[in-house]
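Numbering (UniProt numbering), first residue to last: 1 to 409.
C-beta atoms are modelled at their ideal positions from N, C-alpha and C, and glycine is treated no differently.
These notes are about the structure you will find just below.
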């Protein structure tokens, strides 16, 4: 059974092929407008055609700006953009980025030519962008001295940070002689090291009105400024070549002023935070230093303590040795005394007498210490060292108490 591709698969392949075809990216196309219609969403729909072909085109509301203010059905225009495939409907359209009347077509071609050359020369290199300072003191403004742009910038300064000084470089912002004067002012302001930020700004206008900001000499002057520069030329949908060379591109002059003039309140909060951080870092540093000093002092004290302990240990050893000698002497004396006591005790021990051949007389379990205690009618027990002898009393002979003569009792 054969496997068939789905419609979505085929349309997806077409979309993928078109999206990867560089020839359909950044296309500049010339033709006449037919079927011009503005939807309720604000988007513009039309067909761009010539005598041989036609293509559906869309200009979305967020890109339209003032481009459609003078365009009407049948006008011959130049459009730039890219081809896009709508898969659900299986159709493709041209998505318009910019739209010009036929007279502007030559300017657009020159714009694209200048853009390609300046890009190749590195003037749009993002790696060379300078950062805006966090706390600027002086801002240089390059714009018309009589236009609304300067008023808008001064208004934002007054609202956000009136302590920042503004240095005005009045310049023409349109016309044939504007470009050289812009270059001169940019070179002067760009070398002024007293400035922290530059603003190059003007209000909206047609491509012809803004053309001096696409001049290669002006673009190079913007790129070569030693001071960070913000550009705000035209409406948000307008992009001039100086925007690519600037360090920061602002959507409007008001936006540029907001970037250049940080809020004084925010600065106070940042300074407070930095002060707190600095204080914490200082406390940490002091604590680390104190810990180091404490460890050093501890080592010194420990060294002194070790010396002290060594001396005391020697003294203690001498005391211990002296005490040991005295103790041994006292023990020897006590041993002699104990031996004497032991000798006396052994001499008083009845068993010791028995070992010498003596015997102990007992009668009725009591020791006989004198003849008066002897009962002649009862047997005597003679306790010897290794046993007892039972004997009868035959006769009791004692000494007289007065003359000591022996007599029978």
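From residue i to residue j, what does the alpha carbon distance come to, in whole angstroms?
i           : j           : result
residue 220 : residue 243 : 11 Å
residue 400 : residue 351 : The predicted position of residue 400 is uncertain, since its pLDDT is 49 and thus under 50; a value taken from the coordinates is nonetheless stated next. Each residue's alpha carbon lies about 31 Å from the other.
residue 30  : residue 258 : 39 Å
residue 142 : residue 233 : 11 Å
residue 237 : residue 64  : 8 Å
residue 402 : residue 358 : Confidence at residue 402 is low in this model, with a pLDDT of 48, below 50, so its placement is unreliable and no value can be given for it.
residue 16  : residue 92  : 12 Å
residue 18  : residue 95  : 13 Å
residue 324 : residue 316 : 12 Å
residue 343 : residue 307 : 53 Å
residue 331 : residue 394 : 56 Å
residue 410 : residue 172 : In this structure the chain extends from 1 to 409, so residue 410 is not present and cannot be described.
residue 388 : residue 380 : 10 Å
residue 300 : residue 293 : 10 Å
residue 319 : residue 365 : 59 Å
residue 150 : residue 216 : 25 Å
residue 298 : residue 314 : 24 Å
residue 130 : residue 137 : 17 Å
residue 311 : residue 305 : 10 Å
residue 51  : residue 69  : 26 Å
residue 267 : residue 274 : 10 Å
residue 290 : residue 279 : 16 Å
residue 85  : residue 14  : 8 Å
residue 75  : residue 49  : 11 Å
residue 398 : residue 327 : 56 Å
residue 101 : residue 120 : 28 Å
residue 295 : residue 222 : 58 Å
residue 277 : residue 288 : 16 Å
residue 114 : residue 281 : 52 Å
residue 425 : residue 54  : Shown here, the chain extends from 1 to 409; a query on residue 425 therefore has no answer.
residue 283 : residue 146 : 54 Å
residue 340 : residue 302 : 55 Å
Measure the beta-carbon distance from residue i to residue j and round it to whole angstroms, keeping in mind my assumption that it falls under 8 Å.
i           : j           : result
residue 189 : residue 139 : Rounded, the Cβ-Cβ distance is 10 Å, inconsistent with contact.
residue 28  : residue 66  : Contact doesn't hold; Cβ gap of about 20 Å is too wide.
residue 166 : residue 157 : 6 Å
residue 410 : residue 264 : Since the first residue of the chain shown is 1 and the last is 409, residue 410 is not available in this structure.
residue 170 : residue 144 : 7 Å
residue 154 : residue 209 : Actually they are not in contact, since the Cβ atoms of residue 154 and residue 209 sit about 23 Å apart, beyond 8 Å.
residue 239 : residue 186 : No, residue 239 and residue 186 are not in contact; Cβ-Cβ is about 19 Å, not under 8 Å.
residue 355 : residue 374 : The Cβ separation is near 25 Å, so there is no contact.
residue 90  : residue 11  : 5 Å
What do you reckon, are the CB atoms on residue i and residue j nearer than 8 Å?
i           : j           : result
residue 124 : residue 245 : yes
residue 152 : residue 262 : no
residue 213 : residue 241 : yes
residue 256 : residue 230 : yes
residue 36  : residue 99  : no
residue 33  : residue 78  : no
residue 378 : residue 363 : yes
residue 8   : residue 97  : no
residue 371 : residue 390 : no
residue 148 : residue 204 : no
residue 42  : residue 61  : yes
residue 251 : residue 199 : no
residue 218 : residue 182 : yes
residue 47  : residue 38  : no
residue 82  : residue 26  : yes
residue 132 : residue 197 : yes
Looking at the unbroken alpha helix (DSSP H) that takes in residue i, where does it start and where does it end?
i           : result
residue 59  : Note, residue 59: premise wrong, no alpha helix (DSSP H); beta strand (DSSP E) at 54-59.
residue 154 : 148-160
residue 24  : Per DSSP, residue 24 belongs to no alpha helix (DSSP H) and is neither H nor E.
residue 190 : 178-190
residue 220 : 216-224
residue 259 : 253-260
Who does residue i pair with in a DSSP beta bridge?
i           : result
residue 46  : 57
residue 98  : 80
residue 213 : Its beta-bridge partners do not exist; DSSP assigns none.
residue 86  : 91
residue 32  : 49, 76
residue 390 : 381
residue 199 : 141, 230
residue 63  : BP columns for residue 63 are empty, so no partner.
residue 410 : Because the chain spans 1 through 409 in this model, residue 410 falls outside it and cannot be assessed.
residue 37  : 45
residue 366 : 363
Tell me the residue span of the beta strand (DSSP E) that contains residue i.
i           : result
residue 170 : 165-170
residue 231 : 229-233
residue 245 : That residue, residue 245, is in no beta strand (DSSP E); its alpha helix (DSSP H) goes 241-245.
residue 360 : 360-363
Any beta carbon from chain C within less than 8 Å of residue i's own beta carbon?
i          : result
residue 39 : Any reference to chain C falls outside this structure, which holds one protein chain only.
Can we count residue i as close to the ligand ZN, meaning its CB is less than 7 Å from some heavy atom?
i           : result
residue 281 : Among the ligands in the structure shown, none appear at all, so the ligand ZN cannot be discussed.
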